[in-house]
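Remarks on the structure that follows.
Protein chains in written order, with this note's numbering: chain A, 1 to 400; chain B, 401 to 967.
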């Protein structure tokens with residue numbers, strides 16, 4: 001009986017019309033009306049959770065779309081979910097409508113045909129996106145997005161530190177190593193495979209390679225061993241001086257906020273230039289904390305949203321993705337009292353009233369201005385991340 | 401005897417077993433296939449041993465397996481040893497009643513909440529260090545000491561012991577009355593044996609026979625726990641169960657194959673550890689017999705009593721102070737090390753996040769109440785079938801009850817997820833309720849079975865003599881008399897359901913959010929204030945259940961003195 005029902009179910013739930021066509025936006029809006037969008041997004045940060053709740057209230061108001069935030073502890077949970085559905089042959093009516101994604105998760109989903117699209121570049125608000133100034137919005141860790149995901153926030157590596165304990169932070173990786181040798185235990189990074197830990201390694205690699213252009217190629221096309229030898233030599237020296245002598249690591253980036261507030265570390269890495277200011281505003285960090293970037297620039301990337309191939313509410317998901325690209329949502333995300341995320345929009349493409357939303361924003365006390373932040377270095381090809389993570393685990397992850 | 405027996409009753413035991421074992425066996429099959437390389441969605445449709453080879457190539461495998469075994473065995477041996485020591489040194493005394501009252505509530509604290517609390521207490525920047533700094537220690541910044549997440553898993557073992565000790569103690573207390581321990585102890589003491597040695601030689605061996613399966617369940621659980629291990633356990637490498645979850649979560653989808661292989665290895669490890677334990681039982685029994693044969697009286701009880709008191713007191717303090725610390729964090733303004741108290745008390749965190757927690761609390765209750773109701777109905781039906789039709793479960797039956805507790809969740813839940821998808825049963829509250837029921841039934845059955853069977857059968861005979869049918873005597877006699885035990889079983893069922901993490905996450909597709917899934921997702925961010933809110937809500941929900949189980953019989957039977965006590 002159940003088997004029979006299961007066999008019949010796709011027939012019933014398959015819509016009579018085809019998937020929504022973003023070029024016909026009116027039709028998308030009609031189809032989206034009344035849909036519930038399950039947005040699978042990392043739920044470890046209360047500030048992002050609040051922002052997502054706000055976005056839900058706004059699209060319910062404007063378009064009658066209900067947003068449910070599925071709070072993930074790891075984005076890969078959603079990837080697993082879609083994969084499990086594909087395994088079970090569930091080609092429609094899937095549980096995941098939209099995923100906050102980038103990097104290796106996107107590359108894996110794209111490669112395994114788990115994504116719906118292309119749709120992103122047909123969204124009405126796509127025209128406002130700063131494609132020329134921020135190439136990362138169409139190249140996710142060098143992998144072309146091909147319209148399979150829509151950007152909604154820019155991120156760039158910064159370091160934050162407590163001026164009360166560390167007046168002059170080290171501005172290069174070598175200086176960081178020397179400082180740590182004098183102050184053992186006062187720095188650490190999230191344990192790979194956490195993306196921030198791997199990013200720390202990639203950031204270090206940037207300073208140790210003569211021609212960073214090789215990082216844009218897959219690792220199996222370059223001399224990986226020679227290129228990364230200086231990195232591992234540096235890491236071998238650094239590790240015994242890390243917090244807990246490198247025998248334990250924080251498991252996520254935000255965990256470092258608590259560690260700095262507790263006085264366990266003096267310096268931490270972050271992928272969100274506004275994170276320290278937001279934490280100060282929430283009473284989670286003392287107001288003596290400031291941020292800085294390393295000499296030579298830091299890695300930047302974009303956060304995206306993607307729709308799985310079997311999503312149940314594709315139209316609603318597109319409406320949400322388009323709303324996230326609106327000047328209203330982008331300005332709110334950039335507000336350090338809310339999220340402090342960088343915008344993906346080009347200011348010169350905005351109407352005056354919309355541009356004013358951004359101009360009136362005050363940067364937080366610990367947030368660098370765009371000029372101080374400097375240009376972002378492009379993310380290496382995702383295979384670098386995978387390979388570096390694996391090597392890190394072999395070298396330090398099982399060392400005890 | 402056949403009058404008024406609904407047909408359903410005859411099938412109740414089979415239905416119960418199917419509901420519990422079906423998902424476990426189906427889930428194991430779903431794990432077996434990818435472990436041997438079969439995973440069509442990834443284009444792997446042949447069978448091979450590659451996943452096991454890949455697993456063997458992981459340099460952390462030996463250490464991860466060792467950790468699983470050592471922390472599991474240590475936590476179980478310590479919990480059991482302390483349980484026995486506390487009972488031997490204090491059972492039957494007035495002091496014991498106090499210890500029982502202090503320890504029983506620990507059972508209702510969810511594992512994750514207890515672990516968070518302990519983590520904040522014992523960390524180098526934790527409450528204990530804050531209370532002693534800087535005046536006693538001279539620390540103005542926390543010392544760089546590896547106390548939490550130590551590579552030997554000591555902190556993790558400690559976190560497990562404070563939770564498993566009350567569980568084994570309550571299991572023992574339920575079993576003890578039928579052994580008449582005071583009689584044995586009196587005989588031993590009249591032969592000049594000390595209290596502790598006399599109890600250990602005359603009562604413990606018989607008691608162990610009755611709590612053997614709960615001990616095995618503790619061993620299987622401790623070896624494979626995920627949430628406690630994430631919070632307190634080491635990471636370089638982690639215990640095997642945590643590594644399996646990591647592989648399952650890796651963006652590289654191919655890693656799901658070694659994850660399945662590792663799940664089978666984990667299953668094998670648990671089986672091997674159980675066999676090892678079984679062997680140790682025999683060795684210890686022989687040593688005990690030899691000790692009894694020596695006839696030494698062992699009269700120095702004082703040190704044992706103090707040790708037992710210390711262990712019980714420490715467990716209670718660790719959990720209660722930990723929870724108090726989390727509660728304080730949830731209302732803390734900025735709280736700098738080494739201040740023993742926060743700068744300011746504020747309700748900001750509760751105002752911002754308390755409202756969002758309400759729908760989550762509602763879902764948690766809905767799932768818990770449904771799962772518990774199903775488990776209660778099935779359990780009562782089985783017990784009635786046993787009474788009216790003589791369908792006894794026997795040894796095999798009680799082993800089956802424990803199977804969902806003995807097979808590691810991590811070994812069969814991912815497979816079950818795939819199965820739920822194939823049958824189209826996912827995405828609904830119903831399937832999450834059913835998944836919870838698998839784990840709720842055993843506890844409800846274990847809690848209710850003994851008091852139900854112990855009820856004097858002469859009541860039923862009198863009722864039958866007065867012309868009452870079986871049905872009437874169940875509704876008007878048994879159920880009212882059993883109100884206390886039924887409510888206690890319900891409270892335990894709710895506690896088990898509230899604590900479930902993996903089943904909710906995997907079967908509910910993340911769409912069904914309970915306090916536990918929410919707390920673990922937020923734990924990733926390490927924000928102690930919000931973790932505090934969810935840990936308190938989690939614990940409060942469970943405690944409310946137990947409180948109702950205690951209070952309701954007193955209210956309902958306010959005018960019937962002998963029916964007020966919950967058993």
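In this text, a Cβ means the ideal position worked out from N, Cα and C, and glycines have one as well.
Model, not experiment: these values are computed from the prediction.
Kindly indicate which three-state DSSP category residue i falls into: helix, strand or coil?
| i | result |
| --- | --- |
| residue 705 of chain B | helix |
| residue 444 of chain B | strand |
| residue 606 of chain B | helix |
| residue 549 of chain B | coil |
| residue 70 of chain A | strand |
| residue 418 of chain B | helix |
| residue 51 of chain A | helix |
| residue 652 of chain B | coil |
| residue 33 of chain A | coil |
| residue 960 of chain B | coil |
| residue 38 of chain A | strand |
| residue 396 of chain A | helix |
| residue 276 of chain A | helix |
In or out: residue i buried (at least 16 other Cβ within 10 Å) or exposed?
| i | result |
| --- | --- |
| residue 271 of chain A | buried |
| residue 90 of chain A | buried |
| residue 708 of chain B | buried |
| residue 865 of chain B | exposed |
| residue 568 of chain B | buried |
| residue 134 of chain A | buried |
| residue 590 of chain B | exposed |
| residue 955 of chain B | exposed |
| residue 110 of chain A | buried |
| residue 322 of chain A | buried |
| residue 630 of chain B | buried |
| residue 702 of chain B | exposed |
| residue 879 of chain B | exposed |
Find the nearest neighbour of residue i within the set the options, judged by alpha-carbon distance.
| i | options | result |
| --- | --- | --- |
| residue 913 of chain B | B:766, B:814, B:774 | B:766 |
| residue 582 of chain B | B:509, B:638, B:530, B:490 | B:490 |
| residue 120 of chain A | A:35, A:394, A:325 | A:325 |
| residue 570 of chain B | B:591, B:487, B:743 | B:487 |
| residue 295 of chain A | A:186, A:185, A:173 | A:173 |
| residue 894 of chain B | B:857, B:844, B:879, B:688 | B:844 |
| residue 795 of chain B | B:885, B:476, B:610 | B:610 |
| residue 345 of chain A | A:302, A:84, A:374 | A:302 |
| residue 75 of chain A | B:682, B:929, B:927, B:921 | B:921 |
| residue 389 of chain A | B:602, B:961, B:650 | B:650 |
| residue 574 of chain B | B:879, B:903, B:885 | B:885 |
| residue 114 of chain A | A:98, A:86, A:126 | A:86 |
| residue 48 of chain A | A:195, A:287, A:72 | A:72 |
List the residues of chain B that residue i touches, going by C-beta distances under 9 angstroms, in chain order.
| i | result |
| --- | --- |
| residue 243 of chain A | 544 |
| residue 61 of chain A | None at all; the shortest Cβ gap to chain B is about 19 angstroms. |
| residue 206 of chain A | What residue 206 of chain A touches in chain B: nothing, since even the nearest Cβ is about 22 angstroms away. |
| residue 254 of chain A | 924, 925, 926, 927 |
Run through chain A and tell me which residues come within less than 7 angstroms of residue i, C-beta to C-beta.
| i | result |
| --- | --- |
| residue 930 of chain B | 46 |
| residue 637 of chain B | 397, 398 |
| residue 859 of chain B | Under the 7 angstroms cutoff, chain A gives no residues; its nearest Cβ is about 42 angstroms from residue 859 of chain B. |
| residue 753 of chain B | 46 |
| residue 918 of chain B | 71 |
Residues of chain B with CB under 7 angstroms from residue i, in chain order?
| i | result |
| --- | --- |
| residue 386 of chain A | 652 |
| residue 247 of chain A | 546, 551, 636 |
At a CB-CB cut-off below 8 angstroms, which residues of chain B make contact with residue i?
| i | result |
| --- | --- |
| residue 314 of chain A | Near residue 314 of chain A there are no residues of chain B at all, since even the closest Cβ is about 17 angstroms away, more than 8 angstroms. |
| residue 380 of chain A | Ordered by position in chain B, no residue passes the 8 angstroms Cβ test against residue 380 of chain A, which lies about 15 angstroms from the chain. |
Going along chain A in order, which residues have a C-beta closer than 9 angstroms to the C-beta of residue i?
| i | result |
| --- | --- |
| residue 736 of chain B | 261, 262, 263, 286 |
Consider the Cβ of residue i: report whether some Cβ of chain D lies at a distance smaller than 7 angstroms.
| i | result |
| --- | --- |
| residue 236 of chain A | Structure shown: chain D not included; protein chains present are A and B. |
Below 8 angstroms on C-beta distance, what does residue i contact in chain A?
| i | result |
| --- | --- |
| residue 541 of chain B | 165, 263, 264 |
Complete alpha helix (DSSP H) runs within the segment 799-857 of chain B (minimum length 4 residues, chain order): The qualifying runs are 809-822, 829-854.
Restricting to runs no shorter than 4 residues, where is the alpha helix (DSSP H) found entirely within the segment 165-233 of chain A? The segment 165-233 of chain A contains these whole alpha helix (DSSP H) runs: 173-182, 195-206.
Inside the segment 877-955 of chain B only - alpha helix (DSSP H) runs reaching at least 4 residues: Restricting attention to alpha helix (DSSP H) runs no shorter than 4 residues, the segment 877-955 of chain B encloses them at 883-899, 902-907, 915-923, ordered along the chain.
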